[in-house]
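Participant: Submitted below is the structure of interest, expressed as structure tokens.
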Amino acid sequence: QSVLTQPPSASGTPGQTVTISCSTSNSNIGTNTVSWYLQVPRTAPKLLIYSNTQRPSGVPDRFSGSKSGTSASLAISGLQSGDEGDYFCAAWDDTLHGPLFGGGTKLTV
Amino acid sequence: EVFLVESGGDLIQPGGSLRLSCAASGFTFNTYAMYWVRQAPGKGLEWVSALSGSRISLYYRDSVKGRFTISRDNSKNALFLHMNSLRVEDTAVYYCAKDLFSSVVSGVFDSWGQGTLVTVSS
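Read top to bottom, the protein sequences are chains A and B.
Using the working numbering, count along the first sequence one by one with no gaps and you end on 301.
Using the working numbering, count along the second sequence one by one with no gaps and you end on 124.
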């Protein structure tokens, strides 16, 4: 079964930069682009990054994405308390015929 | 502004059926693929099903194939998920989500509803 692996937790202090990783051993998934979502408890997820590096309008440039091979990363600079929540990466899985989500990383500020 | 509002979640016994609805507004509904994504209590996100705007392309994850049916009424800007033979492991908050891109099934979700809770238990 295909898997996108994320660290279960990450932390930082206000103003710091934190990086969250997302990796797969599946080359099928590795050729597809990665998206990132933030879910604040008891709310719906919000799209932060798509196509590996693109930010939807309204997402601050403190959030940046990158991808190399079968690994992707989300960097959050100038950490704020409002950045706390669960971060999920996702990529299209050609075998699943749908998007596969990572297990999520809980960020504590 | 895009709005997605789900309804239909309930407590249902194993083997039962349920129909979820999602009312959409704020965009040209028939040009965007729509999705159902679920989240079991305390767990991560899991894509369930996708349906293109034209209703030509539809996809299901393996665990729901043959039990769930996705459909849409473009004249009413509505998305549905018909769920049969429900199992305990189908218990989750079910989100309706919209594709970021028009005219494709990309699996990137730029708008989500607030979710509706389906609890399968005896």
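Beta carbons are placed, not taken as given, at the ideal position from N, Cα and C, and that holds for glycine.
Remember, it's a predicted structure, so these values are computed and weren't measured experimentally.
Measuring straight from C-alpha to C-alpha, what distance separates A/Gly294 and A/Thr225?
Facilitator: As a position in the first sequence, residue 294 of chain A is number 102, starting the count at 1. As a position in the first sequence, residue 225 of chain A is number 33, starting the count at 1. About 13 Å.
Participant: Where does the unbroken alpha helix (DSSP H) through A/Gln221 begin, and where does it stop?
Facilitator: Here residue 221 of chain A refers to the residue found at position 29 of the first sequence. Strictly speaking, residue 221 of chain A in this sequence is Ile, with Gln absent from that position. That run of the alpha helix (DSSP H) goes Ser219 to Gly222.
Participant: Looking only at its own chain, which residues have a Cβ that is under 8 Å from the Cβ of B/Ser124, when we skip the five neighbours before and after it?
Facilitator: Locating residue 124 of chain B in the second sequence gives position 122, where the first residue counts as 1. Contacts found: Gln15 and Pro16.
Participant: Using the three-state DSSP reduction, which class does B/Ser123 fall into: helix, strand or coil?
Facilitator: Looking up residue 123 of chain B in the second sequence gives position 121. The answer is coil: DSSP assigns B/Ser123 none of H, G, I, E or B.
Participant: Any contact of the segment 42–55 of chain B with the segment 91–111 of chain B, i.e. 3+ C-beta pairs under 8 Å?
Facilitator: yes
Participant: Take every Cβ of the segment 211–224 of chain A, pair it with every Cβ of the segment 66–75 of chain B, and state whether three or more of those distances are shorter than 8 Å.
Facilitator: When Cβ pairs closer than 8 Å are counted between the two stretches, the segment 211–224 of chain A is seen not to touch the segment 66–75 of chain B, the count staying below three.
Participant: Please list, in chain order, the residues of the segment 76–92 of chain B that have any C-beta partner in chain A closer than 9 Å.
Facilitator: For the segment 76–92 of chain B, which is checked against every Cβ of chain A, not one residue is closer than 9 Å.
Participant: Taking just the CA atoms, how far does B/Ser9 sit from B/Gly55?
Facilitator: Sequence index remark: in the second sequence, residue 55 of chain B carries index 53 (1-based). Sequence index remark: in the second sequence, residue 9 of chain B carries index 7 (1-based). Approximately 21 Å between the Cα atoms of the pair.
Participant: Thinking A/Leu230 and A/Leu292 are a contact (beta carbons under 8 Å), I'd like their distance in whole angstroms, please.
Facilitator: Within the first sequence, numbered from 1, the residue matching residue 230 of chain A stands at position 38. Within the first sequence, numbered from 1, the residue matching residue 292 of chain A stands at position 100. So it is not a contact: roughly 18 Å between Cβ atoms.
Participant: Output the boundary residues of the beta strand (DSSP E) element that contains B/Ser105.
Facilitator: Walking along the second sequence from the start, residue 105 of chain B turns up at place 103. Per DSSP, B/Ser105 belongs to no beta strand (DSSP E) and is neither H nor E.
Participant: Using a Cβ-Cβ cut-off of 6 Å (strictly less than) and excluding sequence neighbours within five positions of B/Val107, which residues of its own chain qualify?
Facilitator: Here residue 107 of chain B refers to the residue found at position 105 of the second sequence. The answer, listed in chain order, is Ala35, Ala52, Ser54 and Ser59.
Participant: For A/Ala236, which residues in chain B fall below 8 Å Cβ to Cβ?
Facilitator: The sequence position of residue 236 of chain A within the first sequence is 44, counting from 1. Residues of chain B passing the Cβ test: Tyr97, Trp114, Gly115, Gln116 and Gly117.
Participant: For A/Thr223, count neighbouring C-beta atoms within 10 Å of its own C-beta (all shown protein chains included) and say buried if the count is 16 or more, exposed if not.
Facilitator: For the purposes of this step, residue 223 of chain A is taken as the residue at position 31 of the first sequence. Classification of A/Thr223: exposed, given that the 10 Å Cβ count is below 16.
Participant: Consult DSSP for B/Val66 and reduce its assignment to one of helix, strand or coil.
Facilitator: Here residue 66 of chain B corresponds to residue number 64 of the second sequence, with the count starting at 1. Looking at B/Val66 - three-state DSSP - the assignment turns out to be helix.
Participant: For B/Arg63, which residues in chain A fall below 8 Å Cβ to Cβ?
Facilitator: Position 61 of the second sequence, counted from the first residue, corresponds to residue 63 of chain B. Correct list: Leu288 and Gly290.
Participant: Can you tell me whether A/Ser273 is helix, strand or coil according to DSSP?
Facilitator: Looking up residue 273 of chain A in the first sequence gives position 81. In the structure shown, the three-state DSSP call for A/Ser273 is helix.
Participant: Let me see if you follow: with CB-CB separation under 9 Å, is A/Phe255 close to chain B or not?
Facilitator: Counting from 1 along the first sequence, the entry for residue 255 of chain A is found at position 63. No, because no Cβ of chain B sits closer than 9 Å to the Cβ of A/Phe255.
Participant: Count the other C-beta atoms from every protein chain shown that fall within 10 angstroms of the C-beta of A/Pro237, then say buried if there are 16 or more, exposed otherwise.
Facilitator: As a working mapping, residue 237 of chain A is identified with position 45 in the first sequence. By the 10 Å Cβ count, A/Pro237 comes out buried.
Participant: List, in chain order, every chain A residue whose beta-carbon is nearer than 7 Å to that of B/Glu48.
Facilitator: By 1-based counting over the second sequence, the position of residue 48 of chain B is 46. Neighbours of B/Glu48 on chain A, chain order: Phe293.
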